[in-house]
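Respectively, the protein sequence lines represent chains A and B. With our numbering applied, the first sequence corresponds to residues 1 to 497, in that order. With our numbering applied, the second sequence corresponds to residues 498 to 689, in that order.
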Amino acid sequence: MSISVLFSEFMELMNPTSIFNAFWATGFGIIVGMLPGLTATMGVALLTGLTFRFMPEQAMVVLISTYVGSIYGGSRSAILLNIPGTPANAATCLDGNPLARRGEAGYAIGLATTASGVGTFFGLICLAIFSPLLGKIALQFGSWEFFVLSIFGIVICGNLTAPKDPLKGWIAGIAGLLLSQVGQDPIQALPRFTFGELQLMGGLSLIPVLVGAYGVGEIIEVMQRPRDYTVRTKVKQVIPPLRDLFRYWKTILRSGVIGVLVGAIPGVGEDTASWISYDTAKRFSDHPEEFGSGSHEGLIAAETANNACIGGAIIPVLTLAVPGSAPAAVLLAAMWLHGIRPGPLLPIEQPFFIGTVTAIFLLSTIAMVILGLSLVRPLVRVLQVPRMILMPIVFALCCVGSFAVNGRLFDVYLMFLFGILGYFMRRNDFPAAPMVLGFILGPMADDNFRRAMIITGGDISPFFTRPISIILWLLTLAVVLGRSTLFRKLLRSLKKR
Amino acid sequence: MCAPPLFHILPRGGMSMEKKDFISGMVLLLTGTAFFAGSLFLPWKDTGYDWFGAPGLVPAILAVLLALCGLRLIIRSRKERDFYVRLAAGAPCFCAEEDEEEQAAGEEPAEDAPRPAWMDREAPRAVIAAGLCCAYILLLGRIPYMAATAAFITAFILLFRGAGVLKSLCIGGAASVSIWFVFYRIFAVFLP
């Protein structure tokens with residue numbers, strides 16, 4: 001994509017409505033991200049239903065701004081409370097909170113804001129450059145590749161979101177794939193697992209499932225074990241520390257690359273990106289001993305990567321219709337709701353859409369930096385609102401968001417059921433992200449698997465002989481074998497010999 | 498320092514991960530079997546394509562995979578105790594150490610009034626939160642939206658001791674009117 005396209009798309013966005021929407025949505029995102037118990041996915045899912053009647057472009061402005069704002073907003077509670085607002089900011093706690101305790105809370109917030117801004121900007125540059133390139137590769141994909149891609153997505157997402165017990169990640173992914181089979185099948189429109197219920201004919205709606213799994217599950221868990229969110233650190237002045245940014249330019253570049261690459265992997269997301277980036281920065285640092293006790297470099301590494309990851313996560317959404325993270329999955333669902341069809345044909349059907357998305361990212365980055373540096377004291381006050389007041393209001397909003405899409409109470413009940421399921425999954429250490437990814441990829445896997453089988457008359461060999469499929473199978477196999485104890489023992493014994 | 502827990506002792510879960518995994522495994526095995534049986538009842542012949550185009554093919558494969566994973570979880574919970582020992586040893590629990598330190602130091606959060614016994618236990622808190630949410634969604638569509646929302650928010654705040662009666666009523670009323678105004682009037686979103 002040329003700079004001129006990006007510039008013209010950005011100038012088109014420079015109207016009062018878009019600017020207003022970008023600012024309030026980024027502010028909303030910062031608040032959602034900042035409040036422990038509310039996640040970026042929940043924020044984006046909530047607004048997807050609520051912006052259903054917006055024009056598609058304005059809905060995208062709101063949702064992308066919320067996404068960017070919430071990933072950044074989590075750093076605020078990580079610094080001030082030592083509790084990450086979203087899982088993506090867990091690594092930020094390690095150095096952000098020690099800085100705050102040393103009396104440098106304002107400095108840490110400034111550093112996190114500018115690093116997040118630079119990270120998002122890096123992500124959007126990669127989005128603009130690599131989306132058209134990946135789009136060209138995606139045009140080579142047939143049904144075989146799309147099926148193997150969905151398997152690869154589930155396996156790698158399950159592996160990375162449940163690092164201690166990948167089996168549970170894979171189970172969640174398979175469960176998501178299976179639940180997505182409810183409703184009419186995509187080839188012959190025959191009802192599956194509907195029990196004659198008319199409401200189930202169209203399948204389980206994505207938004208209630210997402211809002212339930214991420215929102216309601218979280219509400220019950222927060223109410224189960226409430227915490228005191230009193231900010232005990234004084235925030236004097238927030239300074240954008242530009243000198244530090246120039247000093248650590250290598251860390252920023254490295255973290256940006258890690259963020260984008262991790263983001264592009266299906267379903268993995270910002271939390272993994274920030275941990276990998278933090279760990280890598282520590283390994284390459286001249287002062288690794290400072291990490292964990294208020295290192296500026298550590299804070300920059302974590303915050304740059306998690307925000308750069310957003311751009312990376314959008315790349316597969318636009319080119320393959322495969323989400324790179326859980327909030328990106330909601331964004332994909334929102335695009336479908338608004339009649340936008342992401343995938344290999346997007347550059348042909350809507351040639352300027354990638355440019356529009358990139359320009360929206362730029363606008364929300366600007367809004368994030370301005371709001372992040374200016375609204376410090378009001379945000380600290382919001383952070384301290386008791387959860388027993390906040391959570392019922394959030395639940396009421398979850399109900400409105402689920403109801404708004406189809407206008408039926410069945411979706412509200414569905415949301416609640418998935419909330420209970422999400423709660424039990426959390427209590428038993430099953431990650432929600434692979435289930436959501438499976439739920440999104442399920443129809444694609446089913447449709448492409450059967451279509452491929454019909455084309456070849458039941459011959460499964462093309463799944464294993466086509467070049468892109470071979471690469472994806474090898475990567476999937478490497479992920480599974482890499483986690484197998486037996487395989488690791490075998491490798492160790494081979495090394496000894 | 499981590500944010501202190503509001504309540505001095507809230508026992509976590511109680512059940513061991515082995516037992517939880519055994520139950521999860523059983524549930525998954527049964528779910529997988531049920532879905533497999535359900536997919537067998539779908540048409541496999543006369544679909545116009547042959548068995549490989551049948552609508553039950555992919556659900557059947559996924560159901561078998563889910564059941565096998567459930568079986569693996571059951572076997573692991575019964576036979577591989579080492580796994581759980583390793584899991585417990587390497588499990589990073591966010592803020593747990595700080596909680597313990599604070600509890601050991603006997604740091605008690607300030608309280609205004611004595612709480613009922615259920616508020617100090619995790620399970621009843623979760624059940625009551627879920628129960629209130631369930632009651633709210635059942636009220637939706639049966640009584641006017643604003644009344645249901647105001648009643649739910651007020652009851653939730655009161656029950657969990659978030660504020661006094663008057664403040665809870667004010668918050669409930671203001672929140673329901675705000676949601677109605679913003680989403681129905683401004684965003685033109687249908688409300689239940």
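Even for Gly, the Cβ is constructed at its ideal location relative to N, Cα and C. Source: prediction; values computed, not measured.
Considered as a whole, the region 223 to 294 of chain A harbours 242 to 247, 249 to 264 and 270 to 284 as its complete alpha helix (DSSP H) runs of no fewer than 4 residues, in chain order.
As for any alpha helix (DSSP H) of minimum length 4 sitting wholly inside the region 344 to 406 of chain A, the runs are 346 to 349, 353 to 374, 377 to 383 and 387 to 406, ordered along the chain. In chain order, 108 and 294 place their CB closer than 6 Å to the CB of residue 99(A), counting only its own chain and leaving out the 5 sequence neighbours on each side. Boundaries of the alpha helix (DSSP H) harbouring residue 170(A): 166 to 179, taken from the DSSP string.
Spanning the alpha carbons of residue 685(B) and residue 403(A) requires a straight line of approximately 13 Å.
For residue 428(A), the C-beta contacts it makes with chain B under 9 Å involve 514, 517, 518, 520 and 521, in order along the chain. The C-beta of residue 306(A) has 16 or more other C-beta atoms within 10 Å across all chains shown, which makes the residue buried.
The bridge partners DSSP lists for residue 191(A) are 184(A).
In this structure, the CA atom of residue 343(A) is about 33 Å from the CA atom of residue 537(B).
Listed by position along chain B, the residues whose Cβ is nearer than 7 Å to that of residue 404(A) are 686 and 687. Excluding residues up to 5 positions away in sequence, 448, 451 and 452 lie with their Cβ nearer than 6 Å to the Cβ of residue 143(A) in the same chain. Remark: C-beta atoms of residue 439(A) and residue 209(A) approach each other more closely than 8 Å.
Apart from sequence neighbours up to five positions away, the residues of its chain that approach residue 291(A) with a beta-carbon distance below 6 Å are 282 and 298, ordered along the chain. Residue environment for residue 9(A): buried (at least 16 other C-beta atoms within 10 angstroms of its C-beta).
Put simply, of 279(A), 479(A) and 149(A) the residue whose alpha carbon is nearest the alpha carbon of residue 468(A) is 149(A). Burial is judged here by how many other beta carbons sit within 10 angstroms of a residue's own beta carbon; residue 286(A) has fewer than 16 and is exposed. Cβ proximity to chain B below 7 Å picks out 453, 454 and 458 from the region 452 to 485 of chain A. In this structure, DSSP gives residue 640(B) an extended state, which the three-state scheme calls strand. A Cβ of chain B is located within less than 8 Å of the beta carbon of residue 399(A).
Per the Cβ contact rule, the region 368 to 386 of chain A is not in contact with the region 623 to 641 of chain B (fewer than 3 Cβ pairs under 8 Å). Taking C-alpha positions only, residue 580(B) is separated from residue 284(A) by approximately 33 Å. Using a C-beta cut-off of 8 Å, the region 564 to 573 of chain B makes no contact with the region 197 to 208 of chain A, since fewer than three inter-stretch Cβ pairs fall below that distance. Taking 4 residues as the shortest admissible run, the region 105 to 162 of chain A contains the following complete alpha helix (DSSP H) segments, listed from N- to C-terminal end: 105 to 138 and 143 to 161. Sequence-distant Cβ neighbours of residue 67(A) in its own chain, meaning closer than 7 Å and more than five residues away, are 29, 40, 44, 310, 327 and 331. Within chain A, the residues whose beta carbon sits less than 7 Å from that of residue 627(B) are 220 and 420, listed in sequence order. Put simply, the region 550 to 558 of chain B touches the region 176 to 196 of chain A. At least three CB pairs are less than 8 Å apart. Residue 388(A) is a Cβ neighbour of residue 653(B), given a cutoff of 8 Å. The region 102 to 121 of chain A makes no contact with the region 415 to 425 of chain A; the number of CB pairs closer than 8 Å stays below 3.
Look at residue 307(A) here: in three-state DSSP terms it is helix. By the neighbour-count criterion, in which a residue is buried when 16 or more other Cβ atoms sit within 10 angstroms of its Cβ, residue 315(A) is buried. In the DSSP annotation of this structure, residue 54(A) is not part of any alpha helix (DSSP H), being labelled neither H nor E. Nearest Cα to residue 390(A) within the set 530(B), 585(B) and 655(B): 655(B).
DSSP places residue 432(A) inside the alpha helix (DSSP H), whose first and last residues are 432 to 456. Apart from sequence neighbours up to five positions away, the residues of its chain that approach residue 51(A) with a beta-carbon distance below 6 Å are 59 and 62, ordered along the chain. Apart from sequence neighbours up to five positions away, the residues of its chain that approach residue 431(A) with a beta-carbon distance below 8 Å are 158, 161, 162, 168, 169, 172 and 425, ordered along the chain.
Excluding residues up to 5 positions away in sequence, 91 lie with their Cβ nearer than 6 Å to the Cβ of residue 275(A) in the same chain.
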